[in-house]
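**Student:**
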Amino acid sequence: MQYFIVIERMQMFNTRRRRSIAGVVSVLAISSLIGACSSDSSSSDAPTAAAVSAAAESSAAPVEESAAAVSGEVSADALSTAWADDWGKVGLTNPGLTPTDAGIVQVDTAQYAKEGPYTIGFASQGPTNSWAAIYDETLKAHATELGVAIEYAGADGKEDKQVNDINDLLAKDIDALIVTPMGPAVKGPIERAAAQGIPVILCTGIVDTTSNVSRVDRDNRLNGALFAEWIAQQVGGKGKIVMLSGIAGVPTTETRKAGAEEVFALYPDIEILDKQYTNWSPTEGKTVMEQLLAKYGDEIDAVWSDSGLQDIGVIQAYKEAGKAIPPMTAEPLNGFLKLAKENGVKFLAVGYPPSHSSECLDTAVSALEGKPVSSFVNVGVPVFTDAENDQFVKMECSDDLWLPADLLSKDLLASLKLC
């Protein structure tokens, strides 16, 4: 429907994104959240956030374009490419879903152009788990490399706190704002930022607004759908499953869940026994799975999960119950990959590298330089099964490492005690 430009950079960053960072992150702060290398899978757990009010990204409707969008030259669309190619990477076929229409256009940012150095506000989820901690520290480290000052505010996974965080950031004379949205209530502060002439970049998540200049994200509807179709094939189109999601109301959570439900609706002989939230916590994942096993026992044929975090707890629950571990879906968290390898777990992993926060910062800097940016930057991710696990798992590294980690320098990995 619109003109498209090439967005996806997969795992390749340009020269200014290449990191040679040493001592630019607060090791003491992050170490307490992530922990040293260990074979104890429970080390991936971290303080969890309370569930926030429900807000889901529409699973099939087009995403509204940025108000600043202008038509660009016709070119390949990385989002369409992902929808066309990702299924086949693991032998799947799209069961009939209409690809997400993100309305990708080129955005003229001349109105935001100014001389540096820049100060950029970063309203993040906060280090509520290892993924979020690495996500934050990667952006901060990249900012140091670029000479950009960061005003940081972590929301502890809470929507109401993030509203206050953004309002506080807007009072600090920032040049641009990067937001990892915790729910729909952040729409107001985002629109106030835009009204003040501050370019807003949504990083990992969506808000029902046209005030952002760009959004850097993975199509989480596709992730959820890939997980569901793989599960459907594993049970032969007929069976009983459970669904384990992350933080209630967070766009990433709800969009993955909605994408999965679209697929499962195509399989009338698949029964969803239960749906639970786990706050992306190994501990909560274990507790929830123990409860489900007590209720359903051997009826559960497969586990649809939107993250490797809760899957660590799922495997632990099955092992302690002395039951065979069923097929499950996950992300490539090293602690999960280790457990899966050690216990012969069948799985599909679809990546979501926390290092893509650097791309969000690059997009914000480009806007401040007056360079055209895309209204949607699709994050390229690995898609693989247990058959390829040996190509990803790092038995010598921390359980908290998210793979692949080739975009993180050895210095940064060492500083964060990841490897």
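When we follow the working numbering, the leftmost residue of the sequence shown carries the number 2, and every step to the right adds one.
Note that CB positions come from ideal geometry on N, CA and C, so glycine has one too.
Small disclaimer: the values here were computed from a predicted structure and weren't measured.
1) On a Cα-Cα basis, can you pick out the residue from K287, V201, K342 that is closest to Y319?
2) How big is the Cα-Cα spacing for C38 and I313?
3) Check whether the Cβ atoms of E300 and L98 sit closer than 7 Å, and answer yes or no.
4) Within its chain, find whatever has a CB closer than 7 Å to the CB of D169; leave out the 5 residues flanking it on each side and keep chain order.
5) Buried or exposed: which applies to I6, given that a residue is buried once 16 or more other Cβ atoms fall within 10 Å of its Cβ?
6) Pull up the distance between the alpha-carbon of G117 and that of V374, whole angstroms please.
7) Using a Cβ-Cβ cutoff of less than 7 Å, which residues in the same chain neighbour P48 once the five nearest sequence positions on both sides are dropped?
8) So, for A322: in the same chain, excluding its five sequence neighbours on each side, which residues have a beta-carbon less than 6 Å away from its beta-carbon?
9) According to the Cβ coordinates, are S131 and D401 closer than 7 Å?
10) Would you call T423 buried or exposed, if buried means 16 or more other Cβ atoms sit within 10 Å of its Cβ?
11) Taking just the CA atoms, how far does G92 sit from V351?
12) Are the beta-carbon atoms belonging to A331 and S306 less than 7 Å from one another?
13) Quick one: residues in its chain with C-beta nearer than 7 Å to the C-beta of L334, no 5 flanking neighbours on either side, listed in chain order?
14) Does the pairing of the segment 250-264 with the segment 223-241 give three or more beta-carbon distances under 8 Å?
15) Does the separation of the CB atoms of A144 and M183 fall below 7 Å?
16) Does L417 pass the burial test, meaning 16 or more other C-beta atoms within 10 Å, or should it be called exposed?
17) Should A85 be labelled buried (16 or more other beta-carbon atoms within 10 Å of its own) or exposed?
**Tutor:** This is what the structure gives:
1) Taking only the C-alpha atoms, the option nearest Y319 is K287.
2) Only weak support exists for where C38 lies, its pLDDT of 32 falling under 50; the value from the coordinates is given anyway. Roughly 16 Å separates the two Cα atoms.
3) Contact flag unset, no.
4) Correct list, in chain order: A154.
5) With a pLDDT of 29 at I6, under the threshold of 50, the modelled position of that residue is not reliable, and the figure given next carries that caveat. Burial check for I6: the Cβ neighbour count within 10 Å reaches 16 or more, so the residue is buried.
6) Their backbone Cα atoms lie some 18 Å apart in a straight line.
7) Because the pLDDT of P48 is 31, which lies under 50, any placement of that residue in the model is unreliable, and the number read from its coordinates should be weighed accordingly. Once the five neighbours on either side are set aside, the close Cβ partners of P48 are T129.
8) L294.
9) For S131 and D401, yes; Cβs fall inside 7 Å.
10) Lying before the first or after the last residue shown, residue 423 is absent from the chain, which here runs from 2 to 420.
11) Approximately 14 Å between the Cα atoms of the pair.
12) Result yes, Cβ atoms of A331 and S306 sit closer than 7 Å.
13) Contacts found: S45, G309, L310, W403.
14) Short answer: they touch.
15) In this structure, M183 does not lie closer than 7 Å to A144 by Cβ.
16) By the beta-carbon neighbour count (other beta carbons within 10 angstroms, threshold 16), L417 is buried.
17) Exposed: under 16 other Cβ atoms inside 10 Å.
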